[in-house]
Each structure stands twice: as C-alpha cells, then as structure tokens.
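Q: In full-length UniProt numbering, the protein residues as written are 1 to 602. Got a structure here, written out as structure tokens. Questions coming.
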C-alpha cells in the first residue's frame with residue numbers, strides 16, 4: 001500500500017534525524033569532557049559556549065535536547081522589544097494599538113464560541129453518520145456501532161497545480177467542517193515540509209501578537225524561540241509571570257487573544273490576496289504565463305511511470321479525450337483535470353465520449369472479437385496488449401477487437417485504412433455509406449491525452465490504456481508556464497500549495513487556540529474573561545497570564561495553577577463556570593476523536 005510505504009519511510013527518516021541529533025550532542029559532551037572544544041580561529045565563541053547534559057549555551061542562544069524535543073531559545077530580541085515598549089509608553093500610538101487589539105478580544109470571544117459550534121456540528125454529523133450506517137444494516141448487525149459512513153478519511157485537493165501528485169478523494173458524505181490532515185494518508189507525503197513550514201509560519205505570526213500586546217502594556221520579554229517535538233514545530237515567547245499577573249483583566253484578555261487575532265488577520269489577508277488576484281499579478285511579473293484557459297503544464301512525472309517518456313515536464317496538456325482543460329475563473333474550486341481523472345470507475349464520464357470515430361465498415365467487421373468476450377486485462381498484462389474492444393454506435397451494437405492507436409489518434413494517415421475517414425461521429429449516419437461509427441466500449445480503460453510541446457506547435461495525441469487514477473497520481477500539473485526556460489516549473493505549485501496550507505492552518509489555529517483546554521490560550525482567555533465579568537477589570541493577584549508565559553516558554557506551570565484556583569474562589573460562580581465550560585470542551589473533543597476513529601476503522 002502506498003500510504004503504508006509512505007508512513008514507513010517517514011518513520012525511518014524521523015528515526016535517523018533524531019538519532020543524528022542525539023549523536024551530535026553526545027560528541028559535543030564528550031569533546032567538552034576531554035578538554036576545550038577545538039574551534040580554531042573562534043576563541044571568543046569557545047569562551048562563550050558551555051555544555052551540560054542536554055543544553056548548549058552560546059551567548060544569547062540556548063539549545064536544549066531532551067528525548068524527541070529540540071528547543072532553541074534566544075534573548076537577542078529582548079532589547080528591540082524594550083525599545084518598542086518605551087516608544088508605546090505614552091502617546092497616541094499606544095491608544096490606537098490598544099483599541100485595535102481590544103477588537104481582538106471581542107473576536108476572541110466569538111472565536112471561542114465558534115470553536116464550540118464547530119465541535120458540536122462535527123459531533124452531530126458523526127453521530128448522524130453512525131445512525132445512518134446502523135439503519136442500513138439488517139438483521140443481527142442492525143445495532144453494530146462499528147459501521148459508520150466514511151466521513152473523515154479523504155485526500156484534500158488544495159490547488160489545481162498541486163505539488164507532487166495531484167490528489168483528491170471522495171468528499172465527506174456529511175460535509176464535516178473539521179478534517180484530519182495526515183501526510184502520506186490524507187495528503188501526499190511530499191507535502192510534509194510545506195505543512196510543517198506553514199505550521200511554523202502560522203505560529204510565528206501568532207506569537208508576534210503576544211509580543212506586540214506585551215509591549216503595549218510594558219510587559220518585558222524574557223526570550224523568544226522555537227521547538228521541535230517529534231516532527232511538530234512550534235514558536236513561543238516567554239513573558240514574566242509577575243508582570244502579567246499585575247495586568248487588569250481587559251489587558252490580559254487583549255494579550256491572550258492577540259495570537260489568535262493575528263491568525264485570523266493572516267487568514268483574511270490571504271483570502272483578500274486571492275480574491276483580488278494579486279497572486280496572479282505577482283506570478284505574471286515574475287515571468288510566468290497563466291495557461292488555465294488553454295490547458296495544464298506538466299511540472300513533474302513519476303520516475304517509474306510509463307508516461308515519463310511521453311509527457312516530459314514543460315508539455316502543455318490541452319484535452320483529456322474530448323474534454324478541453326479550460327478553467328475560465330482561476331478562483332473557482334472546480335478543476336477539470338482533477339474532476340475528470342478522479343471520476344468514479346475506470347472509464348471517462350459519458351459527456352467526454354459523446355463522439356465516436358468513423359472507420360471502414362468492411363475493415364471493422366473483419367477484425368476479431370475474442371478480446372471483447374474475455375475479462376478485462378490486468379495491470380501487469382496491459383502493456384503487452386495491443387487490441388481493445390470497440391463497439392459500434394448502432395442498435396444492436398457490434399463488438400470488435402482493434403488496435404486503438406490508429407482509431408483514436410486524430411492525425412490522419414493514408415497508409416492506415418482505419419484512419420481514412422478521420423471523421424468524428426455520433427452514429428453511422430454521420431459517416432456516410434460504407435463506414436461505421438465506433439468508440440471504445442464502456443469498460444475499456446482507454447482515453448486520449450492531447451498535448452503540445454514547447455518545440456512543436458502541432459497538437460499530438462497520446463493513448464493511455466489504464467485507470468485514470470494512475471495519471472492523476474503520476475503527473476503533477478500547474479496552470480503557470482514559465483516564459484523563460486531557466487525559471488523552475490515547480491515553483492508556482494509549491495508556493496501555491498504552501499499558501500493553501502498556510503490559509504488552512506492559520507484559520508485552524510484561530511479556533512483551536514481559543515478552545516478552553518489545558519495548554520491552550522483558550523484556558524487562560526476563559527480565566528481572564530470570567531475575571532472581567534466578575535470584577536469588571538480589577539486585577540486579581542495570581543490569575544491571568546501567568547500560565548501563558550510558563551506554558552509557552554516550556555517552564556513548569558504547576559506552581560501557578562493552585563494560585564489561580566484560589567483567586568477564582570473569591571467569587572463562587574467563577575470556578576464552577578470555568579470547570580463546566582472546560583469539561584464541555586474536553587467532552588466534545590473526546591467525542592469527536594472517538595467517533596472519528598470509529599469512522600476510520602469502518
């Protein structure tokens with residue numbers, strides 16, 4: 001199975017990566033224990049560098065490795081943050097920025113409510129799928145709960161010009177608002193670097209919101225950094241607990257919500273960028289031509305694919321069978337390439353084969369019909385087969401085994417009796433006397449690819465004998481053709497897929513971080529919101545963002561939990577409301593996970 005092979009390769013490279021990191025740290029510790037680290041020409045760096053069991057410190061930089069967690073932390077930006085805080089200490093800029101991020105607090109409340117709605121809607125749809133599946137089972141299997149409708153497992157098509165193999169899959173029958181992204185399973189494994197880069201970029205934008213709002217209220221910055229846990233990257237800013245505890249509730253709300261607010265702003269910016277067509281203008285200025293109204297440019301072909309020698313990168317594919325690859329609106333979600341090749345079954349859809357081919361009647365009737373009576377050939381025997389079953393457009397239809405190349409190729413050839421008429425038809429009337437209208441029988445895995453190379457302006461036809469899905473998997477296409485050969489073909493698809501993931505992930509982080517769950521901003525946002533509702537902005541010692549600084553900096557937050565709980569007990573309804581909301585959120589998340597697993601196991 002390709003998905004299993006992809007996950008196996010991922011696990012192998014993952015193990016090699018972490019083994020290499022631990023080996024490097026081991027060698028550094030050994031060199032340190034045996035004497036000064038040999039750094040010829042860099043004595044100053046050697047004096048400033050120290051090593052312990054799992055940490056390397058070099059100036060303002062600290063690198064920590066513990067099991068499958070790599071952490072890089074720096075204080076280099078602290079001085080710049082202090083300058084920003086001093087510049088905002090007074091004046092109009094502080095008031096304007098404060099009002100702007102107060103809007104983020106309002107949107108934070110909306111986002112928290114929205115996250116509950118999304119979870120509830122997902123749970124309801126999953127339960128509906130389970131109920132529908134049970135109703136479809138008869139007899140003693142009627143009450144089996146392990147037969148839900150397939151809802152979550154599907155590949156997501158992100159862009160017409162997908163990086164790697166273009167992927168798609170059956171959409172959820174219940175149209176779930178939440179989907180699982182698993183590289184190698186629901187999206188191509190080649191997308192993993194783009195996914196991780198988009199995730200890290202979204203988190204950097206998120207943490208910038210916390211840093212800016214901290215400067216508005218003169219909260220100093222302890223450090224900034226990034227970490228890698230297993231394969232998941234994350235960014236963080238560390239803020240002092242004492243300074244965040246001293247903030248009034250509205251300021252704490254603003255500080256906590258700023259990260260999710262930045263994610264929402266990034267999403268809106270990317271949507272506006274696509275809606276205004278600025279991305280297309282930038283690609284045009286960079287030397288690329290949009291060919292969406294003409295066809296698709298081949299950017300990559302799988303190395304072992306039989307198509308590699310016929311459709312090299314740079315070829316412009318114009319038609320699949322009689323279906324032109326035209327996309328009039330670049331912003332539409334419909335994509336002819338994906339829709340045609342991902343159609344159910346092995347044969348193209350009926351509209352693509354409305355027309356047949358006129359062939360000589362005597363020649364066609366003289367052909368054998370043995371292959372039409374046998375079962376379809378297997379994939380291993382397909383390359384050796386030279387005949388395919390064709391059927392007349394008449395009642396009753398007549399089947400014959402013919403060589404498909406001279407029939408389906410639109411290029412006339414006087415030496416070939418089958419291609420003499422070269423007329424497309426719907427029935428024998430269109431062909432005239434002595435000719436028949438024929439087309440591949442519906443169960444034949446045949447279709448034509450019309451393309452044009454850069455060096456030859458004439459259209460050429462390639463006959464493909466096999467499942468459509470193989471073409472979709474083996475060929476990556478784009479709608480951007482470079483005007484100069486030195487420009488990389490794959491650059492637009494890679495960038496487009498990256499920004500598609502960025503848009504998807506940054507919106508997900510907006511809702512996810514506002515869920516009132518432990519270790520998420522939503523838990524601290526809920527505390528500050530309840531504090532504001534109960535005390536109308538009076539700061540309460542020990543509650544608020546103390547957890548934000550410790551959690552995001554990776555410090556132990558256990559000492560602040562009890563303090564915050566004691567502070568909430570000053571108003572009896574606060575801890576009860578907080579506990580009820582958090583239990584509801586955790587229950588919904590747990591229900592969605594459980595129901596999703598039941599769907600996946602079906």
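All residues carry an ideal CB built from backbone N, CA and C; glycine is no exception.
May I ask you to verify whether the stretch 475 to 493 touches the stretch 299 to 314, counting CB pairs closer than 8 Å and requiring at least 3?
A: yes
Q: So, with DSSP's three-state summary, where would you put residue 443?
A: Residue state, collapsed to three classes: coil.
Q: Measure the C-alpha to C-alpha separation of residue 527 and residue 583 and round it to an integer number of angstroms.
A: 14 Å
Q: What number of angstroms, rounded off, separates the C-alpha of residue 104 from the C-alpha of residue 576?
A: Approximately 26 Å, taken between the alpha carbons.
Q: First and last residue of the beta strand (DSSP E) that includes residue 389?
A: 388 to 392
Q: Which residues in the same chain have their Cβ closer than 7 Å to the Cβ of residue 578, if we skip the five residues on either side of it in sequence?
A: 526, 527, 530 and 568
Q: Which residues share a DSSP beta bridge with residue 234?
A: In the DSSP secondary-structure assignment, residue 234 is bridged to 227.
Q: According to DSSP, is residue 263 part of a helix, a strand, or is it coil?
A: helix
Q: Measuring straight from C-alpha to C-alpha, what distance separates residue 197 and residue 207?
A: 15 Å
Q: Can you tell me whether residue 229 is buried or exposed, with buried defined as 16 or more other CB within 10 angstroms of its CB?
A: exposed
Q: Measuring CB to CB, does residue 107 end up less than 8 Å from residue 269?
A: no
Q: Who does residue 435 pair with in a DSSP beta bridge?
A: 360
Q: Would residue 321 pass as a contact of residue 447 if the rule is Cβ separation under 8 Å?
A: Judged by their CB atoms, residue 321 and residue 447 are nearer to each other than the 8 Å cut-off.
Q: Under three-state DSSP, which class holds residue 489?
A: coil
Q: Measuring alpha carbon to alpha carbon, tell me which of 402, 407, 123 and 361 ends up nearest residue 605.
A: Because the chain spans 1 through 602 in this model, residue 605 falls outside it and cannot be assessed.
Q: Checking the sheet assignment: what are the DSSP bridge partners for residue 610?
A: Residue numbering for the chain in the displayed model covers 1 to 602; residue 610 lies beyond these limits and cannot be assessed.
Q: Just to confirm before moving on: does the CB-CB distance between residue 317 and residue 212 stay below 8 Å?
A: In this structure, residue 212 does not lie closer than 8 Å to residue 317 by Cβ.
Q: Please check the pair residue 436 and residue 392, which I expect to be a contact at CB under 8 Å, by giving their CB distance rounded to whole angstroms.
A: About 5 Å; that satisfies the 8 Å criterion.
Q: For residue 654, which option in 87, 118 and 11 has the closest C-alpha, if you only look at C-alpha atoms?
A: Any answer about residue 654 is impossible in this case: the structure gives the chain only from 1 up to 602.
Q: Spatial neighbours of residue 405 within its chain, please: CB distance less than 6 Å, with the 5 preceding and 5 following residues excluded, ordered by chain position.
A: In the same chain as residue 405, and ignoring 5 residues on each side of it, the C-beta atoms closer than 6 Å to its own belong to 463, in chain order.
Q: Between residue 523 and chain C, is any beta-carbon pair separated by less than 8 Å?
A: Absent here is chain C; the protein component of the structure consists of one chain.
Q: Taking Cβ to Cβ, would you say residue 71 is nearer than 8 Å to residue 227?
A: yes
Q: So the candidates are 123, 99, 475 and 276; which of them puts its Cα closest to the Cα of residue 308?
A: 475
Q: Do residue 434 and residue 360 have their C-beta atoms closer together than 8 Å?
A: yes
Q: Which first and last residues belong to the alpha helix (DSSP H) in which residue 474 is found?
A: 468 to 474
Q: How many angstroms separate the CA atom of residue 90 from the CA atom of residue 21?
A: 47 Å
Q: Contact between the stretch 278 to 286 and the stretch 242 to 258: three or more CB pairs below 8 Å?
A: With the cut-off at 8 Å, the stretch 278 to 286 and the stretch 242 to 258 do not touch.
Q: Identify, in the order they occur along the chain, each residue of the same chain with its Cβ nearer than 6 Å to the Cβ of residue 93, setting aside the five sequence neighbours on each side.
A: none
Q: In the DSSP assignment, find the unbroken beta strand (DSSP E) run with residue 58 in it and report its ends.
A: 55 to 58
Q: Rounding to the nearest angstrom, what Cα-Cα distance links residue 310 and residue 325 in this structure?
A: One C-alpha to the other measures close to 19 Å.
Q: Measuring only the C-alpha atoms, how far is residue 181 from residue 187?
A: 7 Å
Q: So for residue 146, helix, strand or coil by DSSP?
A: Note that residue 146 has pLDDT 33, beneath the 50 cutoff, so the model's placement of it is unreliable and no number is given.
Q: Quickly, what does DSSP pair residue 402 with across the bridge? List them, please.
A: Paired residues: 388.
Q: Roughly how many angstroms lie between the CA atoms of residue 98 and residue 216, to the nearest whole one?
A: Distance between the alpha carbons of residue 98 and residue 216 is about 7 Å.
Q: Can you give the beta carbon distance from residue 288 to residue 506, rounded, assuming they're within the 8 Å contact cut?
A: Contact doesn't hold; Cβ gap of about 25 Å is too wide.
Q: Enumerate in chain order the residues of its own chain whose CB-to-CB distance from residue 454 is below 6 Å, with the five nearest sequence positions on each side excluded.
A: 314
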